[in-house]
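K.L.:
Encoded as structure tokens, here's the structure I'll be asking about.
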Amino acid sequence: MILEGIVIQQLYYNKENSYSIYKIELENGEIETIVGYLPPLVIDVFYKFETKEVNHKTYGIQYQVLSYEKSSKQDYNALINYLSSPIFTGIGPVRAARIVKHLGLEAIEKILADKTVLKALLFTPLQIERLYQELKKDQEHDKIMMELIKREIPLDMASKLYSFYQKETLMVLAENPYQIIEDIVGFSFLRVDKIALKMGIPFDDKRRIEAGIIYALNAYIFAKGHTYLTLDQLLYAVRTVLKNIADKLIDEGLETLIAKAAIMVIDGLYTIKEIYFKEKNIATNLLKFNREIEVDKDLIISEVEIVEKRLKISYTKEQKEAIVTALTNPLTIITGGPGTGKTTILQGLMLVYSKLYNLNIYETSIANYIGLCAPTGRASRRMQEVMGIPAFTIHKLLGYDYEGKFYYDESNLLPQSLIVVDESSMIDIYLMDQLLKSINNKAIVVFVGDKDQLPSVGPGHVLGDMIDSNMIVTKELHEIHRQAQDSGIISLANHINEQTVENFHYHSSDDIKFIKIEQKDIFANILTLLDQALKENYSLYDDIQVLIPLYKGGMGIDNFNNICQNHLITKTGLSIQSGAITFYQNDKVIQLVNVPEKNIMNGDIGKVKDIYETRDGKIMIVDFDGNEVKYHQQELNQLNLAYAISVHKSQGSEYKIVFMPLSRQYQGMLRKELLYTGITRAKTHLYLLGEMDLIVKAAKILNEKRQTMLINYLKEEEEEEKTKPITPFDFM
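Here the sequence shown is numbered in our numbering, starting from 989 and rising by one per residue.
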């Protein structure tokens, strides 16, 4: 349907993806709403839109824009509004009116044909040139956008392409559309490939083959968490993407990519250039912490004894050794399972360090000297609660901003002299590289984590590789604390880790309830138990969590969230929809992406506090532990319901009550590491509902070992250090 009218109001504009909502007035006086991926349109200017009518569940009839152009039906006022819009510098309404009065409704065409016509209006040469160039650019923008739309490129993609390439857009598309994948975040091979093939790029074009190989390598690496592939693995991945392409052409494409270093080959193993350098940099930066720390061990031990009296605790021998080790080495790993006292060790470490270096741990400036951090917001908040001093997400510590840049890096080092990183098993090669290169080599660094938990979501097995290399000082904790010895949860976790679950006695554990039940009744039983917990004043948002290993299917996260929402939430008042999800007040939600400018990170859980109408549409307010965040309609894809979440999303968190359904639908996902990680999220009560044999079977199945090169690179770096010639600077 063609709609032609004057734009009267911008209701919404998302600068990230150009998604817009406008009100337009048609020639017959009717007001309609148009939506789509559009550049900022000029208010009070005529446009012609090709649209598709859609009936929005909440907002009623809207018109989705398929293409658009400025209408030829501009009147005197519309032309003045256009020329005085922010598109043009220094042209206000008065000057715009003078231009239109002097040159008429063909003013734009006349200026573009001969810019000297502006001399009669007493424009300076600079003003004439500026207006001429800005008119050319706006005309060019419209022309390019229309050309992209003619090529059936969706408006959201067209807007991003023009925003990045400007006047070069059509040239880039003609020369190599696959270049877009490298240049612009969010353009996958599959998306660009559809456009390229429609444009007539042959299916066996070398540009397509090279882009497909890179995509296949990337996709396989990120799906598996590897940092390299064997040739057989790479070729298998490539053939699933580039079907019906001759082996010879794939081989030639691979050789070309290797020749220009887009793909690196190390000892016959294949990886992406970026990943190669990330892993190499990690090895280099780990070995920069090699100085001797001059400190009196006896003094540390005496200070530990003072801390014991102060905290009214008694450290075990291995806990004392961990504190001494961390304070006498520039880089230390402390690893251990639940109940081994990692948190208590860190409390002592903080207090002893502050005494050794004359710091007041309770001064507000302490964060300038001691940097406590963890990968997730929830883990960092827990760290802060226990330690009593500020703790941050790693991203926040490094000054990550909304443009994806870090304030701290190798040229602007962190000021802290002690860096403690909790939940280190969650850190992938990207974040570890950024963290290590930002730390001063004169700092003391302590990584804390449980090596037996799930590895990072992103590529790499960094903590595990650091430990297995035997090149980083590591203190492994084995002794279970006296207060933890009676915990069935910890005992079960250890049985899973040791793959001896069949020897565990569920009936003797007060904190674990195993409920043998048919699959069809699992969710209903969880709801009954959840109701009971709420009656006992446990918090739905802070104390209780359901953990499920997959999203789709009848036993998946999405279905449980819908069932639980229907069970718990009174659906009165306003609601707001995003895709298949409708949010209501009091919903439990989880943040899916990092938004540093709003101080929210991937994995943060919150409560929908309010939903209300504004002239620009509905707004939803989510309370993240006191941080109230505003969401517009088009930002809701950053959220999901969180009555159930994945085990991966729960890492770094603890809950008083954890429910874990055990369904045969999960058999393809259940592994020792996943079970262990999920079970150790429970602090006081763990409910396992389903079939016991699934736990026994899963505990016998290990995650696929990640293929990484960090250990090799560490050894190479060490050998290089040994063979370096000594210089006078080594004694300075």
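Even glycine gets a Cβ: it sits at the ideal position worked out from N, Cα and C.
Using the three-state DSSP reduction, which class does residue 1368 fall into: helix, strand or coil?
P.N.:
helix
K.L.:
Mind checking whether residue 1481 and residue 1325 have CB atoms under 8 angstroms apart?
P.N.:
yes
K.L.:
Tell me the DSSP bridge mates of residue 1406?
P.N.:
Answer is 1358, 1432, bridged to residue 1406.
K.L.:
Buried or exposed: which applies to residue 1317, given that a residue is buried once 16 or more other Cβ atoms fall within 10 Å of its Cβ?
P.N.:
So residue 1317 ends up on the buried side.
K.L.:
Could you check if residue 1296 belongs to the surroundings of the ligand GDP, using beta carbon to heavy atom distance under 7 angstroms?
P.N.:
Of ligands this structure carries none, so the ligand GDP is not represented either.
K.L.:
State the CB to CB distance for the pair residue 1424 and residue 1709, rounded to an integer number of angstroms; the pair is presumed to be in contact (CB under 8 angstroms).
P.N.:
Wrong, their Cβ atoms sit about 16 angstroms apart, outside the cutoff.
K.L.:
Three or more beta-carbon pairs under 8 angstroms between the segment 1103 to 1119 and the segment 1138 to 1153, yes or no?
P.N.:
no
K.L.:
Put residue 1266 into one of helix, strand or coil per three-state DSSP.
P.N.:
helix
K.L.:
Near residue 1308, which residues of its chain fall below 8 angstroms by C-beta distance, leaving aside the five closest residues on each side in sequence?
P.N.:
Counting only Cβ-Cβ distances below 8 angstroms, and skipping sequence neighbours, we find 1289, 1292.
K.L.:
For residue 1310, which three-state DSSP category applies?
P.N.:
helix
K.L.:
Put residue 1345 into one of helix, strand or coil per three-state DSSP.
P.N.:
coil
K.L.:
Flag this pair as yes or no: are the beta carbons of residue 1064 and residue 1088 separated by less than 8 angstroms?
P.N.:
yes
K.L.:
So, for residue 1257: in the same chain, excluding its five sequence neighbours on each side, which residues have a beta-carbon less than 6 angstroms away from its beta-carbon?
P.N.:
Only 1216 meet the Cβ criterion.
K.L.:
What's the C-alpha gap between residue 1578 and residue 1627?
P.N.:
6 angstroms
K.L.:
Identify which residue in 1458, 1402, 1166, 1187 has its Cα closest to the Cα of residue 1432.
P.N.:
Restricting attention to 1458, 1402, 1166, 1187, the CA atom closest to the CA of residue 1432 is found in 1402.
K.L.:
Hey, out of 1599, 1323, 1629, 1262, whose CA is closest to residue 1621's CA?
P.N.:
1599
K.L.:
Helix, strand or coil: how does DSSP classify residue 1625 here?
P.N.:
Residue state, collapsed to three classes: helix.
K.L.:
If distances are taken between C-alpha atoms only, which option among 1380, 1334, 1367 comes closest to residue 1356?
P.N.:
Ranked by Cα distance from residue 1356, the first of 1380, 1334, 1367 is 1380.
K.L.:
Taking Cβ to Cβ, would you say residue 1678 is nearer than 8 angstroms to residue 1698?
P.N.:
no
K.L.:
I need the DSSP call for residue 1537, collapsed to helix, strand or coil.
P.N.:
coil
K.L.:
With a Cβ-Cβ cutoff of 8 angstroms, do residue 1437 and residue 1412 count as a contact?
P.N.:
yes
K.L.:
Would you kindly report the start and end of the unbroken alpha helix (DSSP H) that includes residue 1113?
P.N.:
1113 to 1138
K.L.:
From 1388, 1345, 1344, 1230, pick the residue whose C-alpha is nearest to that of residue 1363; which is it?
P.N.:
1388
K.L.:
Would residue 1189 and residue 1238 qualify as a contact pair, given that the criterion is a beta-carbon distance under 8 angstroms?
P.N.:
no
K.L.:
State the CB to CB distance for the pair residue 1573 and residue 1596, rounded to an integer number of angstroms; the pair is presumed to be in contact (CB under 8 angstroms).
P.N.:
5 angstroms
K.L.:
Start and end of the alpha helix (DSSP H) containing residue 1290?
P.N.:
Residue 1290 -> alpha helix (DSSP H) spans 1285 to 1299.
K.L.:
Compute the Euclidean distance between the alpha carbons of residue 1652 and residue 1611, then round it to the nearest angstrom.
P.N.:
In a straight line, the C-alpha of residue 1652 is about 36 angstroms away from that of residue 1611.
K.L.:
For residue 1255, does the three-state DSSP call read helix, strand or coil?
P.N.:
coil
K.L.:
Just checking my contact of residue 1463 with residue 1452 at CB under 8 angstroms: how many whole Å lie between their CB atoms?
P.N.:
Rounded, the Cβ-Cβ distance is 16 angstroms, inconsistent with contact.
K.L.:
By alpha-carbon positions, which one of 1171, 1027, 1166 ends up nearest to residue 1179?
P.N.:
1166
K.L.:
Excluding five sequence neighbours on each side, which residues of the same chain lie with their C-beta closer than 6 angstroms to the C-beta of residue 1195?
P.N.:
The residues 1164, 1166, in chain order, have a CB closer than 6 angstroms to that of residue 1195 in the same chain once the five nearest residues on each side in sequence are set aside.
K.L.:
Please classify residue 1543: does DSSP put it in a helix, a strand, or coil?
P.N.:
coil
K.L.:
Thinking C-alpha only, which one of 1321, 1337, 1330 is nearest residue 1461?
P.N.:
1321
K.L.:
Determine whether the beta carbon atoms of residue 1230 and residue 1200 lie at a separation below 8 angstroms.
P.N.:
Yes; because the gap between Cβ atoms is below 8 angstroms, this pair is in contact.
K.L.:
Would you list the one or two residues that DSSP bridges to residue 1650?
P.N.:
1678
K.L.:
By Cβ distance below 7 angstroms, which residues in the same chain neighbour residue 1749 in space, the five residues on each side in sequence not counted?
P.N.:
Limits of the chain in this structure are 989 at one end and 1720 at the other, which puts residue 1749 out of reach.
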